[in-house]
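Chains as they are written, first to last, in this note's numbering: chain A, 1 to 137; chain B, 1 to 137.
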DNA sequence: TCCAAATCTATAGCTTCTGGAGCATTAGAT
DNA sequence: ATCTAATGCTCCAGAAGCTATAGATTTGGA
C-alpha cells in the first residue's frame, strides 16, 4: 500500500497532479485509509508510471486516455494504438520544423552585438517590420 | 481611423485577442467612437503588428512587454533587447533538442506495424516500461 | 502521548487566448 | 430617413495541464 506521497516519489508525478489525474478519470479513485487518505496498490503505481511516461513523450491527456482504454483489451488488434503514436510522431515532426524556422529567424535577428542604441537595433526593427523576414510565418 | 475589425484583418490578430492585449496592457486603450466603439490610429496598427510578429516567434507576453518598453527609448543602448532575443533563441534550441529526442523515441515505438494485438503491442509496452527507452527523459 | 510531517477538500490562479450570450452601433442600400 | 446586415460592446466561461493556497485533519515515529 502506497500513500499519495509514496506514489509521487516513485513516479515523479507531483501530488496535486495525481489528484488532478484522478479527477480527470485517468486513474480510478483509490481505497481510503480510516482517516480518508488515499491508499494505492502496485497496479495503480504502474498505471501512473505509464501516464507519466506518455506525458513525457508529449501525448495529450486525451490520447493517453485512449491508450489506457486500449490496454485494457489485450486481445484486440493494436492498429489504433499504432495510429495514435504515429499521429503524435507527425505533430512532433511538425513542431520541430516550425521551431527550426524560428531558430533561423532568431539567428538572423540576434546577429546584432548589443553595442549600439535601440534606435538602430536590429532586434527591434526586425520585430517591427515583418518584411525583413527571410521565411514565412 | 481603424475599427477593431480593420485592425484584426490587417494584423491577423483576432478581435477578442486584441481586446485581451488591451486588458493586459500591451496596447493602450484607444479612443472611442460616439457609440463607444474602439477607434485606432496607424501607430496602434504598427504596435499590434510588432506584437503579432513577436508572438509568432514565440516570445512571451512578458518579453514583448519589455521589448515594447525598450523601443520607447531609442537613445538607450540595445544590449537588453539583444539579451531578450538571445535568451529566447536558447530556449528555442533547447526545445528543438528535446523534441528531437522524443522524435527518435517515437520512431522506435512506432516501428510496430499494427497487424497484431494489444497484448504484444510495442507502443503499449514501451509506454508501460520506461526501461525500454533508448534515451533519458 | 505528542508533535511535525503528510494529507485532506475546496477553490483560485496560471498563460494565452477563444467563444458565446445578449444587447448596441454602424455603414451602406434604398 | 429608414432599414438591415454586419460589426462591435461587455461580461463571463472554458480550454490544457497543471500549481498553489488555506485551513482542517490524519499519520507515523520518538
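Where a beta carbon is used, it is the ideal one built from N, C-alpha and C, also for glycine. Source: prediction; values computed, not measured.
Let me see if you follow: with CB-CB separation under 9 Å, is residue i close to chain B or not?
{"i": "residue 66 (chain A)", "result": "no"}
{"i": "residue 42 (chain A)", "result": "no"}
{"i": "residue 13 (chain A)", "result": "no"}
{"i": "residue 141 (chain A)", "result": "Here chain A covers residues 1 to 137 and nothing more, so residue 141 (chain A) does not appear."}
{"i": "residue 107 (chain A)", "result": "yes"}
{"i": "residue 103 (chain A)", "result": "yes"}
{"i": "residue 46 (chain A)", "result": "yes"}
{"i": "residue 61 (chain A)", "result": "no"}
{"i": "residue 33 (chain A)", "result": "no"}
Return the CA-CA distance between residue i and residue j, expressed in angstroms with no decimal places.
{"i": "residue 104 (chain A)", "j": "residue 54 (chain B)", "result": "14 Å"}
{"i": "residue 10 (chain A)", "j": "residue 45 (chain A)", "result": "8 Å"}
{"i": "residue 40 (chain A)", "j": "residue 7 (chain B)", "result": "55 Å"}
{"i": "residue 92 (chain A)", "j": "residue 1 (chain A)", "result": "37 Å"}
{"i": "residue 24 (chain B)", "j": "residue 56 (chain B)", "result": "18 Å"}
{"i": "residue 75 (chain A)", "j": "residue 100 (chain B)", "result": "33 Å"}
{"i": "residue 13 (chain A)", "j": "residue 102 (chain A)", "result": "32 Å"}
{"i": "residue 32 (chain A)", "j": "residue 77 (chain A)", "result": "36 Å"}
{"i": "residue 15 (chain A)", "j": "residue 47 (chain A)", "result": "15 Å"}
{"i": "residue 34 (chain A)", "j": "residue 26 (chain A)", "result": "24 Å"}
{"i": "residue 5 (chain B)", "j": "residue 110 (chain A)", "result": "33 Å"}
{"i": "residue 121 (chain B)", "j": "residue 81 (chain B)", "result": "50 Å"}
{"i": "residue 29 (chain A)", "j": "residue 22 (chain A)", "result": "6 Å"}
{"i": "residue 79 (chain B)", "j": "residue 95 (chain B)", "result": "24 Å"}
{"i": "residue 67 (chain B)", "j": "residue 3 (chain B)", "result": "26 Å"}
{"i": "residue 107 (chain A)", "j": "residue 88 (chain B)", "result": "10 Å"}
{"i": "residue 42 (chain A)", "j": "residue 60 (chain B)", "result": "41 Å"}
{"i": "residue 58 (chain A)", "j": "residue 58 (chain B)", "result": "19 Å"}
{"i": "residue 83 (chain A)", "j": "residue 124 (chain B)", "result": "12 Å"}
Under the rule that 16 or more other beta-carbon atoms within 10 Å means buried, what is residue i, buried or exposed?
{"i": "residue 73 (chain B)", "result": "exposed"}
{"i": "residue 18 (chain B)", "result": "buried"}
{"i": "residue 71 (chain B)", "result": "buried"}
{"i": "residue 85 (chain B)", "result": "buried"}
{"i": "residue 20 (chain B)", "result": "exposed"}
{"i": "residue 38 (chain A)", "result": "buried"}
{"i": "residue 49 (chain A)", "result": "buried"}
{"i": "residue 51 (chain B)", "result": "buried"}
{"i": "residue 69 (chain A)", "result": "exposed"}
{"i": "residue 97 (chain B)", "result": "exposed"}
{"i": "residue 64 (chain A)", "result": "buried"}
{"i": "residue 90 (chain B)", "result": "exposed"}
Give a yes or no on whether 9 Å exceeds the smallest Cβ distance from residue i to chain A.
{"i": "residue 93 (chain B)", "result": "yes"}
{"i": "residue 58 (chain B)", "result": "yes"}
{"i": "residue 128 (chain B)", "result": "yes"}
{"i": "residue 18 (chain B)", "result": "no"}
{"i": "residue 27 (chain B)", "result": "no"}
{"i": "residue 124 (chain B)", "result": "yes"}
{"i": "residue 100 (chain B)", "result": "yes"}
{"i": "residue 4 (chain B)", "result": "no"}
In the DSSP output, what is residue i paired with across the bridge?
{"i": "residue 34 (chain A)", "result": "Answer is none; residue 34 (chain A) lacks a bridge partner."}
{"i": "residue 2 (chain A)", "result": "A:40"}
Please specify which runs of the alpha helix (DSSP H), each continuous and at least 4 residues long, are wholly inside the segment 38 to 91 of chain B, giving them in chain order. Positions of the alpha helix (DSSP H) runs, each at least 4 residues long and wholly inside the segment 38 to 91 of chain B, are given as 42 to 56, 61 to 71 in order along the chain.
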